Amino acid sequence: MKTKIIAGLLAISAISCSKDFVDQQPPNSVLVDKYFNTEGNIALGLNGLYQSLRSGDAVGEGANTWT
305 MKTKIIAGLL AISAISCSKD FVDQQPPNSV LVDKYFNTEG NIALGLNGLY QSLRSGDAVG
365 EGANTWT
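Read the sequence shown against this note's numbering and you will find it ends at 371, with the numbers running on by one and no gaps.
Written out as structure tokens, the structure reads:
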């Protein structure tokens with residue numbers, strides 16, 4: 305009886321999910337054509353790039369990359 309209930313719940317949950325809910329864009333990704341559309345956003349992007357290159361190892365400030 306318990307296995308039938310669990311199997312039924314799994315079947316209902318698998319059927320009830322829509323594809324849009326399962327296939328989502330990663331929340332941390334930024335589309336280039338949506339972000340770099342103003343001069344201010346381009347300057348912010350370049351400042352972030354230059355900030356990462358300022359350190360000697362080009363990884364970041366105080367990064368411990370021991371192997």
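Backbone N, C-alpha and C define an ideal beta-carbon position, used for all residues, glycine too.
Just so you know, these numbers come straight off a predicted model, no measurement behind them.
Check                                                                                                                  : Outcome
Using 8 angstroms for Cβ pairs, my map puts residue 345 next to residue 339. What's the rounded Cβ distance?           : 6 angstroms
Nearest-angstrom Cα distance between residue 314 and residue 328?                                                      : 22 angstroms
Under three-state DSSP, which class holds residue 357?                                                                 : helix
Once DSSP output is grouped into helix, strand and coil, what is the label at residue 334?                             : coil
Just how far apart, CA to CA, sit residue 306 and residue 333?                                                         : 42 angstroms
Output the distance between the C-alpha atoms of residue 312 and residue 335, rounded to the nearest integer angstrom. : 40 angstroms
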